Amino acid sequence: MTSVLITGCSSGIGLETALAFARRRDRVHACVRDPATADELFRHARAEDLVLDVPRLDVTDDASVIAAVTEVQERHGPVDVLVNNAGVDRTGPVETMPLDEARMLMETNLWGPLRTVRAVLPAMRARRSGVIVNVSSLAGRTFAVPHGGFYAAGKAALGALSEALSAEVRPFGIRVVCLEPGSFASRIHRDTMGRAALPEPSEAGPYTADQEWIARFLTRVQEGAGDCGEVAEAILAAVDDPDTPLHTPVGKDAETALRYLANTTYEQWLPLFLEQAESLAGPRPVERDQPGG
Ligand code: NAP
């Protein structure tokens, strides 16, 4: 029985992935940061009579990662498949986004996967087999949109680490895949675009109107978001198919964007992006004679 450890299973892609592996009777360790948030996961598992182990694992906390992986491996044996899914998104200007928010993004989206990778690799190396799936994002492969810099930077860095790691662990029989989903309907968008992600009116600064504009644009783009089940299927396919490319886009939007961007410079892309954003979110609220305006 294949043992699969997935982070961030309380909702969205992680929840769908946990259910998808459980449906085929793999042994699933569907990790959640806080079991109190796992109601939806438990409800679905009960409805389908699926067996899930639900360990507590906060990817930003060294001790939590080590405790969860150690307990899983002691009770159920080594992890065959690690799916690094847990992630957060916040928009904010490079100049003024609070550093603690930016650090939280990186702790979760970059150092989080590194912690779990380091926890499972010794046993994978010893058995000379294993698959690691890092859920990155199209945002890590395309040009970064205004106010999306920290999310894109974390996901791009995860892609770079995945490339190096892949070459390092391949001699030990371990595969690494970096999935790059486009837009899929989940809580992450509501958290990012919601009011909580924007400054309070009393704290409005030089970028606030621009940030609200990009939030309107992203909200419109996400109206056509796909079903998280499609990403779950792509994760299962990546685990099953040893020929899965290291960088694997998921969704029509991601495939189309990456094809277009393969031969496009930033200078060609930016005006087209701004034009598309204005067509969806209205005129950008910056002075026309400002650089980049
Ligand atoms: P989601 O529904 O918000 O799920 C994110 C999951 O990550 C939640 O279960 C959340 O748990 C968990 N999480 C957040 N911080 C954590 C931490 N410190 N430790 C452990 N778990 C933590 O969003 P999603 O769309 O399914 O996102 C899953 C992954 O896909 C993310 O890495 C995201 O960047 C990536 N992705 C999503 C899209 C998309 O369009 N949806 C596109 C590209 C990439 P809590 O309940 O505890 O908050």
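Each residue of the sequence shown is one higher than the one before, starting from 3 at the first, in the working numbering.
From the three backbone atoms N, C-alpha and C, an ideal C-beta is built for every residue, glycine too.
Just so it is clear, the structure is predicted and the values come from calculations on it, not from any experiment.
Does the contact criterion of 3 or more C-beta pairs under 8 Å hold for the stretch 97-115 versus the stretch 56-68? yes
| request: Output the distance between the C-alpha atoms of Phe-275 and Ser-12, rounded to the nearest integer angstrom. | output: Looking up residue 275 in the sequence shown gives position 273. Looking up residue 12 in the sequence shown gives position 10. C-alpha separation (whole angstroms): 33 Å.
- Item | Burial state of Val-133 (16 or more Cβ within 10 Å) | Your numbering for residue 133 matches position 131 in the sequence shown. Flag for Val-133 reads buried.
Query - Rounded Cβ spacing between Leu-282 and Arg-222 (contact assumed at less than 8 Å) - result: Locating residue 282 in the sequence shown gives position 280, counting from the first residue. Locating residue 222 in the sequence shown gives position 220, counting from the first residue. About 4 Å separates the two Cβ atoms, so the contact holds.
(message) Quick check: Thr-144 and Ala-259, are their CB atoms within less than 8 Å of each other?
(response) By 1-based counting over the sequence shown, the position of residue 144 is 142. By 1-based counting over the sequence shown, the position of residue 259 is 257. Taking 8 Å as the Cβ cut-off, Thr-144 and Ala-259 qualify as a contacting pair.
Rounded straight-line distance, which links the Cα of Cys-230 to that of Gly-161: Walking along the sequence shown from the start, residue 161 turns up at place 159. Walking along the sequence shown from the start, residue 230 turns up at place 228. Approximately 21 Å, taken between the alpha carbons.
Please tell me whether, using a cut-off of 7 Å, the distance from the CB of Leu-220 to the nearest non-hydrogen atom of ligand 1 is below it. Indexing the sequence shown from 1 puts residue 220 at position 218. Flag unset: Cβ of Leu-220 not near ligand 1.
- Among Ala-159, Arg-192, Phe-174, Phe-186, which one has its Cα closest to the Cα of Cys-180? For the purposes of this step, residue 180 is identified with residue 178 of the sequence shown, where counting begins at 1. Per the Cα distances, Ala-159.
What alpha helix (DSSP H) runs, 4 residues minimum, are completely inside the stretch 81-124?
101-108
Hey, which unbroken runs of the alpha helix (DSSP H) at 4 residues or more fall wholly within the stretch 28-76?
41-49
* Is the beta carbon of Gly-114 within less than 7 Å of some heavy atom of ligand 1? -> Against the sequence shown, residue 114 aligns to sequence position 112. Relative to ligand 1, the beta carbon of Gly-114 is positioned inside 7 Å of a heavy atom.
Please find out if some non-hydrogen atom of ligand 1 comes closer than 7 Å to the beta-carbon of Asp-102.
Along the sequence shown, read from residue 1 onward, the residue named residue 102 stands at position 100. No, the beta carbon of Asp-102 sits no closer than 7 Å to any heavy atom of ligand 1.
Self-check item: ligand 2 heavy atom lying under 7 Å from the CB of Asp-36
Solution: This structure simply doesn't include ligand 2; it includes ligand 1 instead.
Review point. When the Cα atoms are used, what is the spatial distance from Pro-287 to Pro-148?
Key: Walking along the sequence shown from the start, residue 287 turns up at place 285. Walking along the sequence shown from the start, residue 148 turns up at place 146. If you take the alpha carbons of Pro-287 and Pro-148, they lie about 13 Å apart.
Rounded to the nearest angstrom, what separates Asp-291 and Gly-142 at their Cα positions?
Position 289 of the sequence shown holds residue 291. Position 140 of the sequence shown holds residue 142. Because the pLDDT at Asp-291 is just 48, under 50, the model does not fix this residue reliably, and the value given afterwards should be weighed accordingly. Near 30 Å, if we compare the C-alpha coordinates of Gly-142 and Asp-291.
**Asked** What span of residues does the beta strand (DSSP E) with Pro-183 cover, start to end?
**Response** The sequence position of residue 183 within the sequence shown is 181, counting from 1. Start and end: 176-183.
Would you identify the three-state DSSP class for Pro-173, choosing helix, strand or coil? Numbered from 1 along the sequence shown, position 171 holds the residue referred to as residue 173. Looking at Pro-173 - three-state DSSP - the assignment turns out to be helix.
**OP:** Could you tell me the distance, in whole angstroms, from the CA atom of Ala-264 to the CA atom of Val-252?
**Re:** Residue 264 sits at position 262 when you count from the first residue of the sequence shown. Residue 252 sits at position 250 when you count from the first residue of the sequence shown. Going from the Cα of Ala-264 to the Cα of Val-252 covers about 16 Å.
**Request:** Give me the Cα-Cα distance between Asp-255 and Arg-117, rounded to the nearest whole angstrom.
**Result:** Taking the first residue of the sequence shown as 1, we reach residue 255 at position 253. Taking the first residue of the sequence shown as 1, we reach residue 117 at position 115. So the alpha carbons of these two residues sit roughly 30 Å apart.
Practice problem: Reducing DSSP to helix, strand and coil, say where Gly-79 ends up. | Solution: Here residue 79 corresponds to residue number 77 of the sequence shown, with the count starting at 1. Here Gly-79 sits in coil by DSSP.
Report task. Name the residue from Asp-55, Glu-50, Glu-103, Glu-165 whose alpha carbon lies nearest to the alpha carbon of Val-30. Result -> For the purposes of this step, residue 30 is taken as residue 28 along the sequence shown, with counting starting at 1. Selection Asp-55, Glu-50, Glu-103, Glu-165 evaluated against Val-30 yields Asp-55 as nearest (Cα-Cα).
**Asked** Looking at C-alpha atoms only, which residue of Ala-69, Ala-88, Thr-210, Trp-215 is the closest neighbour of Ala-279?
**Response** Sequence index remark: in the sequence shown, residue 279 carries index 277 (1-based). Taking only the C-alpha atoms, the option nearest Ala-279 is Trp-215.
Requested in this report: Could you round the C-beta distance between Arg-14 and Ile-190 to whole angstroms and report it? I think they count as a contact, below 8 Å.
Outcome: Sequence index remark: in the sequence shown, residue 14 carries index 12 (1-based). Sequence index remark: in the sequence shown, residue 190 carries index 188 (1-based). Contrary to the premise, residue 14 reads as Gly rather than Arg in this sequence. Separation of the CB atoms of Gly-14 and Ile-190 is rounded to 6 Å, and the pair is thereby assigned contact status at 8 Å.
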